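Have a look at the structure below before the remarks.
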Amino acid sequence: MSEQEATADGITARYYVTDSERVLEFDREGRTAAVAQNIDGYAMLKVRPTVDGDELERYYGFDMALDHAAELLDVSPHDLPIPEDAADMGM
């Protein structure tokens, strides 16, 4: 499993691939959010409060999923660091 990490403004983003999903996980001062997509990379993005949490919403676009993740972290979407390999998530 390859993993990338990026940090900015107290937010840590971790991107990795499991057997079934591409996962972008955020952590800010104990608040978390996760964006996941199927391993093939063509399905809608799922936003969860944690990696293993219940799905809150699905989005076609990466920007919309990031907006929701940022809301969960109480930051602007522009503040979220995005590891290079996660930049192409979404449809």
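Each residue of the sequence shown is one higher than the one before, counting from 54 in my numbering.
Glycine included, C-beta positions come from ideal geometry on N, C-alpha and C.
Owing to the predicted nature of the structure, the values given are computational and were not obtained by experimental measurement.
Between L98 and Y113, the C-beta spacing is below 9 angstroms. For the options L77, R81 and E137, the alpha carbon positioned closest to that of A89 is the one of L77.
When rounded, the separation of the alpha-carbon atoms in A122 and D72 is 23 angstroms. Sequence-distant partners of D80 (beyond 5 residues in either direction) whose C-beta falls short of 6 angstroms from its own C-beta, in its chain, are T65. In the structure shown, E108 falls within a coil segment according to DSSP collapsed to helix, strand and coil.
Counting C-beta atoms within 10 angstroms of its own C-beta, A61 has fewer than 16 neighbours from the protein chains shown and is therefore classed as exposed.
Listed in chain order, the non-local C-beta contacts of V128 below 8 angstroms within the same chain comprise D62, I64 and R81, local neighbours out to five positions each way being set aside. Looking at G143, M117, M142 and D138, the one whose alpha-carbon comes closest to that of H131 is M117. Residue pairing by DSSP places L77 opposite Y68 and V88 in a beta bridge.
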